[in-house]
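Enquirer: Just dropping this structure here.
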Amino acid sequence: MDKQKIEGYMQKLILLRTLPWLVGLLIFALALGVSKWLVKLDAEVHKKELENVVQSRVDRMSTHFQRALDRNLIILDAIESLLLLNNNVQQREFEVLATRFLSTRTSIRQVQLSPNAIISQIYPPIDETVIGGNLRELPEQREVVLRTIEEKKMYLFGPVRLPQGGSGFIAHKPLFDREGLETKFWGFITVIIDADAFFDEISLLPQDNLARYRIVAKNIQSDQRQAIFGNHTVESTPDLTAPIAIPGGSWQLEARVKPDINAHGVPHALLDLWGMLASLTFGALSAYTCVLMRRLYQRSVTDSLTGLYNRQHFKFRAEQEASRAVRYNQPLTMLMIDIDQFKQINDKFGHQTGDTVLQQASQYIRDNLRESDLLGRYGGEEFIVLLPQSDLEQATQCADRIRDSLDKSIFIYGSLVSISVSVGLAQQSPDTFVYDELVSQADQALYTAKRNGRNRIEIYAATEEGSPTSRPEDPHQA
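In terms of the UniProt record's numbering, the sequence shown opens at residue 1 and continues consecutively.
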């Protein structure tokens, strides 16, 4: 594609009225897309960083929880050791041992000793009505008690509602007597841990500025997951987990990283809003830049007074039309139009009136042209017209219409101003087209029209002397 065609396409693009909107919308879409991608990338990168930080917290919490639970359950081993020495422990001995442990473990609600699963000794004696109760017959504990005896291992379950009020965890440790190769169930050592006091004691937080946490346990009776501590709204598929080993089962510490916070503590929704505003700003600035470019371009190719093509741009467009005319083998005709006695109008009525005459004359000429015709201001009071796809007869008719429409008197600023124009006409075939030569020929024809009396049309036709000839049928010929 040659340079002239490229420049032509660029001009059409710049003059497109919807171009600023299209450019602004495109820049807005691109900027918004980049903004969304950056926010998403920031969220993914930071989430990974947060997960590493939260994972270390989860691991520490899990370890802390495990140690706190073991520290509370160690009393079971101490009492078991006492029973190995003397399986007929008296209430006084039981209380002394239990007191020593409970004084430093405030979350233990009660310790029970239950030979053959019958509660016989408790400490502290908050509710002595439980003494004599059969653990196998308690509705909430029956299944766990039987499984504990059957599997011969300790179970911790809960939280359950306690008869003393509140909720707690219950750990049953079964004890067995060995008789030869067989073992015989002796009874239970039971520890009841107050759930609220235990979680307060270990100082676990349900959430912080990075994540939400909870502890999930399986219900021994139905194997269902149950949130026993923390934020119950943590999704069923947490980001991070850590196991907590408990007697007879496993709990799980879960964490969900907060999704709406970036590395600087700014919610991602706010970053999206900033991205949207920035994208709108970029789009608006791009559209405004296009508007300014369009205005600058129009100023560079048009005459500021009349709005017509200036001399340089008219030549560029005329050469484009010549290239098109060569392709279709069509003639090119040029009109050179001059307002008669324009200097006298300026001298008599003033330059402001003269400017108005130029503006109105350009409008009258434009009204008599086709959309495909080119019109420009050549300089001073002269206008230039290129008529593509017009033979000499069609061009002459057009020149007649222009001359007739401008042969009149018009009121300007309260004064009656009479105007008329002279027209020079020249034509070349596309294969011999030379812009400067065609302009010169039309100018010579215009000079002849002015010399022969003005308000007339002259057609350039080379004579032996090389001078233009008058159109014989022109009724205005002198």
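For each residue, glycine too, the CB sits at the ideal point set by N, CA and C.
Would you tell me roughly how many angstroms separate the C-alpha atoms of A442 and M336, rounded to the nearest one?
Expert: About 6 Å.
Enquirer: Is it right to say L175 is buried, meaning 16 or more other beta carbons lie within 10 angstroms of its own, or is it exposed?
Expert: L175 should be labelled buried.
Enquirer: Return the CA-CA distance between P475 and R456, expressed in angstroms with no decimal places.
Expert: Note that P475 has pLDDT 39, beneath the 50 cutoff, so the model's placement of it is unreliable and the number below is only indicative. For P475 and R456, the distance between alpha carbons rounds to 9 Å.
Enquirer: Using alpha carbons as the reference points, say which of Q330, V417, S415 and R377 lies closest to Q312.
Expert: Q312 has its Cα closest to that of R377, out of Q330, V417, S415 and R377.
Enquirer: By the three-class DSSP mapping on this structure, what secondary structure does A171 have?
Expert: A171: strand per DSSP, three-state reduction.
Enquirer: Suppose you measure from the CA of L273 to the CA of Y288; what does that come to, to the nearest Å?
Expert: So the alpha carbons of these two residues sit roughly 22 Å apart.
Enquirer: Which term fits G307, buried or exposed, when burial requires 16 or more other beta carbons within 10 angstroms of its beta carbon?
Expert: Answer is exposed; the Cβ neighbour count stays below 16.
Enquirer: Note down the Cα distance separating Q389 from Q352, rounded to an integer number of angstroms.
Expert: Using only the alpha carbons, I get a separation of about 37 Å.
Enquirer: At the level of alpha carbons, what is the spacing between K258 and Y213?
Expert: Going by the C-alpha atoms only, they are around 11 Å apart.
Enquirer: Any idea what DSSP makes of S362, helix, strand or coil?
Expert: The answer is helix: DSSP assigns S362 an H, G or I state.
Enquirer: With DSSP run on the structure shown, which of helix, strand or coil describes A263?
Expert: With a pLDDT of 49 at A263, under the threshold of 50, the modelled position of that residue is not reliable, and the figure given next carries that caveat. It is coil, neither helix nor strand.
Enquirer: With distances taken from CA atoms, which of V130, L135, M61 and Q226 is nearest Q164?
Expert: Minimum Cα distance to Q164 is reached at V130.
Enquirer: Can you look up A242 in the DSSP assignment and give me helix, strand or coil?
Expert: Reduced to three states, the DSSP call for A242 is strand.
Enquirer: In chain order, what residues of the same chain lie with their CB nearer than 7 Å to the CB of E381, ignoring the 5 residues before and after it?
Expert: Contacts found: D338, I339, F342 and L358.
Enquirer: Mind checking which residues open and close the beta strand (DSSP E) that includes M336?
Expert: M336 -> beta strand (DSSP E) spans L332 to I339.
Enquirer: Exposed or buried, what is L416 when buried is set at 16 or more other beta-carbons lying within 10 Å of its beta-carbon?
Expert: Looking at its Cβ environment, which holds fewer than 16 other Cβ atoms inside 10 Å, L416 is exposed.
Enquirer: Excluding sequence positions up to five away, which residues of its chain have a Cβ less than 6 Å from the Cβ of E93?
Expert: Nothing meets the Cβ criterion.
Enquirer: For T18, name the three-state secondary structure that DSSP assigns.
Expert: Three-state result, T18: coil.
Enquirer: Which residues in the same chain have their Cβ closer than 7 Å to the Cβ of I149, if we skip the five residues on either side of it in sequence?
Expert: If we look at I149 and ignore the five residues flanking it on each side, its Cβ neighbours are P174 and F185.
Enquirer: Any idea if T432 is buried or exposed, counting beta-carbon neighbours within 10 angstroms, 16 or more meaning buried?
Expert: With fewer than 16 Cβ atoms within 10 Å of its Cβ, T432 is classed as exposed.
Enquirer: Which same chain residues, not among the five before or five after E201, have their C-beta less than 7 Å away from its C-beta?
Expert: For E201, where only same-chain residues beyond five positions count, the Cβ hits under 7 Å are A68, T106 and S107.
Enquirer: Find out if the Cβ-Cβ distance for the pair F316, Y413 is shorter than 9 Å.
Expert: Contact flag unset, no.
Enquirer: Rounded to whole angstroms, what's the CA-CA distance from V216 to N88? Just pull it up for me.
Expert: Between V216 and N88, the C-alpha separation is close to 39 Å.
Enquirer: Within 8 Å: the Cβ of S203 and any heavy atom of the ligand ATP?
Expert: Judged by which ligands are present, the structure shown has none, so any question about the ligand ATP falls away.
Enquirer: Within a Cβ cutoff of 6 Å, which residues of the same chain sit near Y123, ignoring the five residues on either side of it in sequence?
Expert: E95, A98 and V111.
Enquirer: Going by beta-carbon coordinates alone, are G275 and S62 separated by less than 9 Å?
Expert: The answer is no: Cβ separation not under 9 Å.
Enquirer: So, with DSSP's three-state summary, where would you put L135?
Expert: The answer is helix: DSSP assigns L135 an H, G or I state.
Enquirer: Residues in its own chain within less than 7 Å of V23 by CB, not counting five upstream and five downstream?
Expert: If we look at V23 and ignore the five residues flanking it on each side, its Cβ neighbours are S286, A287 and C290.
Enquirer: Among the residues of its own chain, which have a CB less than 7 Å from the CB of K47, if the five just before and after it don't count?
Expert: These residues qualify, in order along the chain: V257.
Enquirer: For A263, which residues from the same chain have a beta carbon less than 6 Å from its beta carbon, with the 5 sequence-adjacent residues on both sides left out?
Expert: Only weak support exists for where A263 lies, its pLDDT of 49 falling under 50; the value from the coordinates is given anyway. Only H46 meet the Cβ criterion.
Enquirer: Exposed or buried, what is Q428 when buried is set at 16 or more other beta-carbons lying within 10 Å of its beta-carbon?
Expert: Buried, by the Cβ-count rule.
Enquirer: Classify T448: buried if its beta carbon has 16 or more other beta carbons within 10 angstroms, exposed otherwise.
Expert: With 16 or more other Cβ atoms within 10 Å, it is buried.
Enquirer: Residues in its own chain within less than 7 Å of T356 by CB, not counting five upstream and five downstream?
Expert: Counting only Cβ-Cβ distances below 7 Å, and skipping sequence neighbours, we find I412.
Enquirer: Excluding the 5 residues flanking S422 on each side, which residues of the same chain have their C-beta closer than 7 Å to its C-beta?
Expert: Result list for S422: D338, D340, L446, A449, K450, R454, N455 and R456, in chain order.
Enquirer: Label L438 either buried or exposed according to how many other C-beta atoms from any shown protein chain fall within 10 Å of its C-beta, with 16 as the threshold for buried.
Expert: When all chains shown are included, L438 counts as buried.
Enquirer: Would W37 be called buried (16 or more neighbouring beta carbons within 10 Å of its own) or exposed?
Expert: By the neighbour-count rule (16 or more Cβ atoms within 10 Å), W37 is not buried but exposed.
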